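To keep things clear, I will list the structure first and then write my remarks on it.
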Amino acid sequence: MEFRKVLVANRGEIAVRIIRALHQMNVEAVAIYSEADRDALHVRLADQAVCVGPAPSTQSYLNTPNIISAALLTGVDAIHPGYGYLSERADFSEICESHGIVFIGPPAAAIQQMGDKAQARAFMRQAGVPVLPGSEGPVSSERQALKVAGEIGYPVLVKASAGGGGRGMRAAATPEELQRVLQPARNEAEAAFGSADVYLERLITRPRHVEIQVLADRHGHAVHLGERECSLQRRHQKVVEESPSPAVSPELRARMGEAALRGVQACGYVNAGTVEFLLDEQGNFYFLEMNTRIQVEHPVTEEVTGLDLVREQIRIAEGEPLGYDQAGVVIRGHAIECRLNAEDPSRNFMPSPGLIRRYHVPGGPGVRVDSAAFAGYVVPPYYDSMFGKLIVRDRDRAGAIARMSEALDELEVEGLATNIALLRAIVRDPVFQAGTLSTDFIEERILKPAQLQGRR
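Heads up, the sequence shown is in this note's numbering, so the first residue is 1335 and it goes up one at a time.
See below:
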């Protein structure tokens, strides 16, 4: 079926991104908004907009009855959930379908299969995808946790079964440390995801975080679009991403892509998804988790493949075949993305909501800004601090780094604290420029030196 009208069940830059894609496809866009977002850019750009509740997300962007009511009221054909919020909720997908509304994402069964991280590990192992040694499902007691850790070897990670993003995650290098962190991890998992279930896996020291973008249609066709390097993180939240990874050879890319597709096809996956891996210093890769939605960092893949991933999501949901095979996916050039956050690195990255008085974005060849911000926009205190993304592309990694450095110098955001100075420090760091990355990079190379200088 060809969509006439689609509701965007999200806010911020991803809502703007989806609305633009819909308009380019001659599809009407319906926005939802909270009372705090009444004047937001996604509301201004949409053809229709419906207020779904007060500022707190639980009363608006997570308010399923109000969102479904808005969809029925406006007569949409489909709902695009973006990322976060309801995008990985199998029950929301089922509710959409029960009301005759297409959910632009994977089937509920696939969301459910991959949503439980412990269950996803077991499934991927059965599909022949490399998986880190760990517990077979959640650990039910301290005794079981100590037994499993003794078998797989320390150090270990305690991880929430029902979610990611670093919440419910604790490292333990000894049995005593494991005993100390197990209950706090359970408590945090319960608070974040509504489930206290945790599982264990072996901790790799100084790993890279490399993920594979996949697309699968309803006709049995699936492709991968290469990898993204997502190692630059702070507290398990990504800060800078790039494609391709400086650590991945064409041969390794093919092996990782084939492994990702094995898992995708085994669970009957449809639409866009991301299979995340840890890559060790010896070039071995292990399944981490699967995100059953569009990713924040999808633009770098778009820049090196020439594919519009949001448009591909919509086409697939309409029932269209991909129209190309793996040989038709060609990686050209190099792309880097920096996440722009309203936060104060000098105050332990405290969120910095408030009025943006001045907003000047860079331009020129190979420069792209995905953002919901503008001069006069008030960043609300109720939501994630990210207000945009700066993306650059060039022929090679050195060129992309130079272009990003220049673009960050041109970027001006006045009125609130941002992480722009931190991003400049990252892209100008010689170790980053050499491509010698790990998930410890920001802590070791950027934050600790800055803290030491601050004490002098």
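Ideal Cβ placement from N, Cα and C applies to all residues, glycine included.
None of these values were measured; they are calculated from a predicted model.
Cβ shell of residue i (< 7 Å), same chain only, five flanking positions each side left out
| i | result |
| --- | --- |
| residue 1388 | 1368, 1369, 1394 |
| residue 1334 | Residue numbering for the chain in the displayed model covers 1335 to 1790; residue 1334 lies beyond these limits and cannot be assessed. |
| residue 1351 | 1644, 1704 |
| residue 1614 | 1538, 1541 |
Within 7 Å, strictly: CB atoms of residue i and residue j
| i | j | result |
| --- | --- | --- |
| residue 1284 | residue 1634 | The chain is shown only over 1335 to 1790; residue 1284 falls outside these bounds and no answer can be derived. |
| residue 1340 | residue 1410 | yes |
| residue 1533 | residue 1600 | no |
| residue 1348 | residue 1449 | no |
| residue 1739 | residue 1685 | no |
| residue 1728 | residue 1698 | no |
| residue 1553 | residue 1595 | no |
| residue 1527 | residue 1500 | no |
| residue 1346 | residue 1706 | yes |
| residue 1715 | residue 1687 | yes |
| residue 1442 | residue 1428 | yes |
| residue 1713 | residue 1751 | no |
| residue 1516 | residue 1476 | yes |
| residue 1454 | residue 1590 | no |
| residue 1509 | residue 1626 | no |
Per-residue DSSP class, three states only, for residue i
| i | result |
| --- | --- |
| residue 1790 | Low confidence applies to residue 1790: its pLDDT is 35, below 50, so where it sits in the model is not reliable enough to give any reading. |
| residue 1360 | coil |
| residue 1685 | strand |
| residue 1738 | helix |
| residue 1680 | helix |
| residue 1407 | helix |
| residue 1537 | coil |
| residue 1471 | coil |
| residue 1365 | strand |
| residue 1575 | strand |
| residue 1452 | helix |
| residue 1503 | coil |
| residue 1495 | coil |
| residue 1293 | Look at the range of the chain in this structure, 1335 to 1790, and you will see that residue 1293 is not part of it. |
Where residue i falls, given that 16 or more other Cβ within 10 Å makes a residue buried
| i | result |
| --- | --- |
| residue 1770 | exposed |
| residue 1664 | exposed |
| residue 1419 | buried |
| residue 1493 | buried |
| residue 1788 | Note that residue 1788 scores 46 on pLDDT, short of 50, meaning its location in the model is unreliable; the coordinates nonetheless yield the value given after this. Burial call: exposed. |
| residue 1336 | exposed |
| residue 1539 | exposed |
| residue 1470 | exposed |
| residue 1629 | buried |
| residue 1407 | exposed |
| residue 1681 | exposed |
Cβ neighbours of residue i in the same chain (closer than 6 Å, five flanking residues each side left out)
| i | result |
| --- | --- |
| residue 1579 | 1544, 1561, 1563 |
| residue 1783 | none |
| residue 1377 | 1365, 1367, 1383 |
| residue 1593 | 1463 |
| residue 1488 | 1507 |
| residue 1737 | 1700, 1726, 1728 |
| residue 1375 | 1350, 1706 |
| residue 1354 | none |
| residue 1659 | none |
Own chain partners of residue i with C-beta closer than 8 Å, once the 5 adjacent residues on each side are dropped
| i | result |
| --- | --- |
| residue 1338 | 1361, 1362, 1411 |
| residue 1749 | 1688, 1689, 1690, 1691, 1692 |
| residue 1571 | 1499, 1500 |
| residue 1780 | 1756, 1759, 1760, 1763 |
Identity of the residues DSSP links to residue i by a beta bridge
| i | result |
| --- | --- |
| residue 1547 | 1608 |
| residue 1675 | 1720 |
| residue 1668 | 1728 |
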